[in-house]
Amino acid sequence: MAERVRVESDGGVHRITLNRPEVMNALDGALRRALTEALLAGHGARVIVLTGAGRGFCSGQDLSDASGLDAAGFEATLNDEYVPMIRAIVEAPVPVIAAVNGVAAGAGANLALACDLVVACESAVFIQAFTRIGLIPDAGGTSFLPRRVGLQRAMGAALLAEPVSARQAEAWGMIWEAVPDDRFAEVVAARAARLAAGPTGAYAALKQAMRGAFDQSLEAQLAVEARLQAVCGASDDFREGVAAFQEKRAPRFTGA
1 MAERVRVESD GGVHRITLNR PEVMNALDGA LRRALTEALL AGHGARVIVL
51 TGAGRGFCSG QDLSDASGLD AAGFEATLND EYVPMIRAIV EAPVPVIAAV
101 NGVAAGAGAN LALACDLVVA CESAVFIQAF TRIGLIPDAG GTSFLPRRVG
151 LQRAMGAALL AEPVSARQAE AWGMIWEAVP DDRFAEVVAA RAARLAAGPT
201 GAYAALKQAM RGAFDQSLEA QLAVEARLQA VCGASDDFRE GVAAFQEKRA
251 PRFTGA
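What follows is the structure in structure tokens.
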């Protein structure tokens, strides 16, 4: 059996490639477990990039994988395999980039939306395909989607299960950017390199603050900002950033 994921690490960039191109990188149990393991291994890097092999990012749940696809198994499969996978992205202390190189459907679309930054090629599409088979969005979709695009667009995408082009997703604020296919690899590499050279401590604090903001009052969020800013302000990276600004040079961040 071919490796379900390919992992490459270089220059602080931990690149994970879903590797079932013959089925558009559909998620079976083995792939979910391998992906979770690869994501957790990337928590020690400076940035994680998640992409797909072949012409698709991820087509969602592999419907030919019968394990867990029954009334008794759905909840266990989601809790035991999907939840750890999504949490490994959301709780990563480093930025996670979804490099969406083609179709992202069902749980595959929400796997991308779980990431901190989504860069898609123009030919990519996002499909909340769940209602086509009598299900609701999972893998965090009912949380991520309305927060990104608002309730009406989220409901439309989920109820109608129609493809949303990368350009439309960009216009809606579903993703960060859609780029021409012939520049996709170049743009992803540039984004990853920039983040890998950045202040990783500040990125971790930023993720913590942003991810919890929707569940906080303004007063509580202001307190979170003050607490996390104190941590960032005590860092070597903050001192380096100020020194670089004053000396009119590029900062050399170390993550300390």
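Position one of the sequence shown corresponds to residue 1 (the UniProt record's numbering), numbered consecutively onward.
Where a beta carbon is used, it is the ideal one built from N, C-alpha and C, also for glycine.
Computed from a predicted structure; not experimentally measured.
Rounded to whole angstroms, the separation of the alpha carbons of Val-94 and His-14 is 10 Å.
Between Met-85 and the set Gly-54, Glu-75, Gly-140 and Phe-74, the nearest pair of CA atoms involves Gly-140. By the Cβ test, the segment 154 to 166 is not in contact with the segment 181 to 198, since fewer than three Cβ pairs between them sit closer than 8 Å. Between Val-118 and the set Glu-177, Phe-130, Gly-102 and Arg-132, the nearest pair of CA atoms involves Glu-177. Going by beta carbons, Cys-58 and Ala-92 fall outside the 7 Å limit. The closest CA to that of Ala-107, considering only Val-231, Ala-234 and Asn-25, is found on Asn-25. Taking Asp-65 as reference, the option from Gly-29, Gly-52, Ala-76 and Leu-78 with the minimal CA-CA separation is Gly-29.
Remark: three or more beta-carbon pairs, one from each stretch, lie closer than 8 Å, so the segment 39 to 46 and the segment 4 to 21 are flagged as touching. Apart from sequence neighbours up to five positions away, the residues of its chain that approach Ala-209 with a beta-carbon distance below 7 Å are Val-224, Glu-225 and Leu-228, ordered along the chain.
Judged by their CB atoms, Ile-175 and Ala-120 are nearer to each other than the 7 Å cut-off. In this structure, the alpha-carbon of Gly-56 lies about 23 Å from that of Leu-159. Annotation: the segment 101 to 184 contains the following complete segments of the beta strand (DSSP E) (minimum length 3 residues), in chain order: 103 to 105, 117 to 121, 125 to 127 and 177 to 179.
Per DSSP, the beta bridge partners of Val-47 are Val-13. By the neighbour-count criterion, in which a residue is buried when 16 or more other Cβ atoms sit within 10 angstroms of its Cβ, Gln-152 is exposed. Closest in C-alpha terms to Ile-89, from the list Leu-78, Glu-22, Asn-110 and Arg-239, comes Asn-110.
In chain order, Arg-46, Pro-199, Thr-200, Gly-201 and Asp-237 place their CB closer than 8 Å to the CB of Gly-255, counting only its own chain and leaving out the 5 sequence neighbours on each side.
Rounded to whole angstroms, the separation of the alpha carbons of Glu-37 and Val-187 is 26 Å. Cβ atoms of Ala-205 and Val-231 come within 8 Å of each other, at about 6 Å. Take Asp-181, set aside five residues on each side of it, and the residues of its chain with a beta-carbon closer than 8 Å to its own are Cys-121, Glu-122 and Ser-123, in chain order.
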